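*Asks:*
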Amino acid sequence: MMKGLKKWRLFSLLAALTIFLSGCGEEYLSTLAPAGQVGRDQFNLLLLASAIMALVIIVVVIIYVIALTRYSRKKVGENVIPKQVEGSHTLEIIWTVIPILLLVILAIPTVYYTYKHADVAAMDQVDEEGNKTHLTVNVTAKLYWWEFEYPELGIVTAQELVVPTDEQVFFNLKAADVKHSFWIPSIGGKLDTNVENVNKFYLVFDKESAGLEDGVFYGKCAELCGPSHALMDFKVKSMNRDDFNEWAEAMKTTVHTAEGDLAKQGEELFQTASCIGCHATGGEGMAPQTGPSLATFGDRNRVAGFMDHTKENVKAWISDPQKYKPGNVMPDDTELNGGKEFTDEQLDALAEYLMGLSIEK
Numbered sequence: 012m013m014k015g016l017k018k019w020r021l022f023s024l025l026a027a028l029t030i031f032l033s034g035c036g037e038e039y040l041s042t043l044a045p046a047g048q049v050g051r052d053q054f055n056l057l058l059l060a061s062a063i064m065a066l067v068i069i070v071v072v073i074i075y076v077i078a079l080t081r082y083s084r085k086k087v088g089e090n091v092i093p094k095q096v097e098g099s100h101t102l103e104i105i106w107t108v109i110p111i112l113l114l115v116i117l118a119i120p121t122v123y124y125t126y127k128h129a130d131v132a133a134m135d136q137v138d139e140e141g142n143k144t145h146l147t148v149n150v151t152a153k154l155y156w157w158e159f160e161y162p163e164l165g166i167v168t169a170q171e172l173v174v175p176t177d178e179q180v181f182f183n184l185k186a187a188d189v190k191h192s193f194w195i196p197s198i199g200g201k202l203d204t205n206v207e208n209v210n211k212f213y214l215v216f217d218k219e220s221a222g223l224e225d226g227v228f229y230g231k232c233a234e235l236c237g238p239s240h241a242l243m244d245f246k247v248k249s250m251n252r253d254d255f256n257e258w259a260e261a262m263k264t265t266v267h268t269a270e271g272d273l274a275k276q277g278e279e280l281f282q283t284a285s286c287i288g289c290h291a292t293g294g295e296g297m298a299p300q301t302g303p304s305l306a307t308f309g310d311r312n313r314v315a316g317f318m319d320h321t322k323e324n325v326k327a328w329i330s331d332p333q334k335y336k337p338g339n340v341m342p343d344d345t346e347l348n349g350g351k352e353f354t355d356e357q358l359d360a361l362a363e364y365l366m367g368l369s370i371e372k
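Numbering of the sequence shown is given in the numbering used here, commencing with residue 12 and proceeding in unit increments.
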């Protein structure tokens, strides 16, 4: 009996710790620290639902405790039967009306925000010159990476979404292979990306990401899509509108020139090894692309979306991509290098070249 009680005590302690730890999280990744209007609306709905549930639990516990204390056998004796209230119209009305009221209180803001966040009419608004007044990003989810196309700007990025702050940013979401789900926990979402249709919604980014620990917000795939689903991350850089315009202009005019002998060797190898057939190195372009754009590879903080951004990890990824992200479609080095594995010297050259693909340095 005592062993059973100890187990229940341990279980209760773990349950309490889970509740407290659920409130812990980094600002760049936590839904409990919203940094956008959509995320804040969703967070407020979560608080409302939690408050209603807590209220119901407290009332039930109070009634339960009163029943235990007032009608215990020690107090009223063995043969006392409490007054029976079965069929009481008053009680029937109370426990029918109160749940309905609670549901209405929860349903009204839920329905309101559901329609508000699904309203994408402003996506097609144009000014007097015929230019769109809001930024639109076409998001394509692929195994296991993300492509972001800015159709009005004529640029394409991969693995890093760059957006302006303090305005609505609209998204067209689709998948190139299987179902995925687009989610930026700190900002809002999530919404599925399907092969058959395009889903649309908008987000608002209130905070510039430069002040965050890693300088970015983290986005994720929230739909199980294959063996490397957990590694299908992307990063979000949010900046003020002026900085965003400068970034976009830099992307449009990107011309990478390899500096140093080693980087030049890497550039030549990148061309001859057919890497250029799948990966663009310029910011301008139109989706879709077979592989992620590498135009800003040197500015990223991760390799393949999840590995530390170091030359050693670049070399490891090129050598054996299946080891680190099973199921991805990138060929191994023997397919790229005429049936031979890349030598250490070749890998050093490729890593040097790729790390130099930057528009921010």
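From the three backbone atoms N, C-alpha and C, an ideal C-beta is built for every residue, glycine too.
This one's a predicted model, so the numbers in the text were calculated from it and none came from an experiment.
With H, G and I counted as helix, E and B as strand and the rest as coil, what does DSSP make of Ile-195?
*Replies:* Residue numbering aside, residue 195 sits at position 184 when the sequence shown is read from its first letter. The answer is strand: DSSP assigns Ile-195 an E or B state.
*Asks:* What are the start and end residues of each continuous beta strand (DSSP E) run of 3 or more residues lying completely inside the stretch 121 to 182, in chain order?
*Replies:* Counting only runs of 3 or more, we get 146 to 153, 156 to 161, 166 to 169 and 171 to 175.
*Asks:* Mind checking whether Ala-221 and Lys-201 have CB atoms under 9 angstroms apart?
*Replies:* Counting from one through the sequence shown, the residue named residue 221 turns up at place 210. Counting from one through the sequence shown, the residue named residue 201 turns up at place 190. Not in contact: Ala-221 and Lys-201 (Cβ atoms no closer than 9 angstroms).
*Asks:* Evaluate Thr-125 with the Cβ neighbour count: other Cβ atoms within 10 Å of its Cβ, from every protein chain shown; 16 or more gives buried, anything less gives exposed.
*Replies:* Locating residue 125 in the sequence shown gives position 114, counting from the first residue. The residue in question, Thr-125, is exposed, as its Cβ has fewer than 16 Cβ neighbours within 10 Å.
*Asks:* Hey, would you say Gly-288 sits closer than 9 angstroms to Thr-301, going by beta carbons?
*Replies:* For the purposes of this step, residue 288 is taken as residue 277 along the sequence shown, with counting starting at 1. For the purposes of this step, residue 301 is taken as residue 290 along the sequence shown, with counting starting at 1. Taking 9 angstroms as the Cβ cut-off, Gly-288 and Thr-301 qualify as a contacting pair.
*Asks:* Give me the Cα-Cα distance between Lys-7 and Met-366, rounded to the nearest whole angstrom.
*Replies:* No answer is possible for residue 7: it lies beyond the span of the chain, which begins at 12 and ends at 372.
*Asks:* Cutting at 7 angstroms between CB atoms, please list the residues of its own chain near Lys-351, excluding the five before and the five after it.
*Replies:* The residue you call residue 351 lines up with position 340 of the sequence shown. Cβ within range, chain order: Thr-345.
*Asks:* I'd like the span of the beta strand (DSSP E) that includes Asp-244, first residue to last.
*Replies:* Mapped onto the sequence shown, residue 244 falls at position 233. Asp-244 -> beta strand (DSSP E) spans 244 to 250.
*Asks:* With DSSP run on the structure shown, which of helix, strand or coil describes Leu-361?
*Replies:* Indexing the sequence shown from 1 puts residue 361 at position 350. Looking at Leu-361 - three-state DSSP - the assignment turns out to be helix.
*Asks:* So, helix, strand or coil for Gly-367, using DSSP?
*Replies:* Taking the sequence shown and counting its residues from 1, one reaches residue 367 at position 356. Gly-367: coil per DSSP, three-state reduction.
*Asks:* With distances taken between CB atoms, is the gap from Gly-199 to Gln-48 smaller than 9 angstroms?
*Replies:* By 1-based counting over the sequence shown, the position of residue 199 is 188. By 1-based counting over the sequence shown, the position of residue 48 is 37. Yes. Within cutoff.
*Asks:* Answer yes or no: do Lys-218 and Phe-181 have a C-beta to C-beta separation smaller than 9 angstroms?
*Replies:* Within the sequence shown, residue 218 is the residue found at index 207, counting from 1. Within the sequence shown, residue 181 is the residue found at index 170, counting from 1. No, these two residues do not count as a Cβ contact at 9 angstroms.
*Asks:* On a Cα-Cα basis, can you pick out the residue from Phe-228, Gln-136 and Trp-157 that is closest to Thr-176?
*Replies:* Residue mapping note: residue 176 aligns to position 165 of the sequence shown, counting from 1. The residue with the shortest Cα to Cα distance from Thr-176 is Phe-228.
*Asks:* Determine the DSSP secondary structure at Glu-295, reduced to helix, strand or coil.
*Replies:* Translated into positions along the sequence shown, residue 295 becomes position 284. In the structure shown, Glu-295 sits in a strand (DSSP, three-state: E or B).
*Asks:* Short check: CB of Glu-376 to CB of Arg-311, under 9 angstroms?
*Replies:* Residue 376 lies beyond the residue range present for the chain, which begins at 12 and ends at 372; the question has no answer from this structure.
*Asks:* Residue range of the alpha helix (DSSP H) that Phe-281 falls in?
*Replies:* Translated into the one-based positions of the sequence shown, residue 281 becomes position 270. Taken as a continuous stretch (DSSP letters only), the alpha helix (DSSP H) holding Phe-281 covers 272 to 283.
*Asks:* Compare the Cα-Cα distances from Ser-192 to each of Gly-226, Pro-162 and Met-243 and report the closest residue.
*Replies:* Taking the first residue of the sequence shown as position 1, residue 192 is located at position 181. Nearest C-alpha to Ser-192: Met-243.
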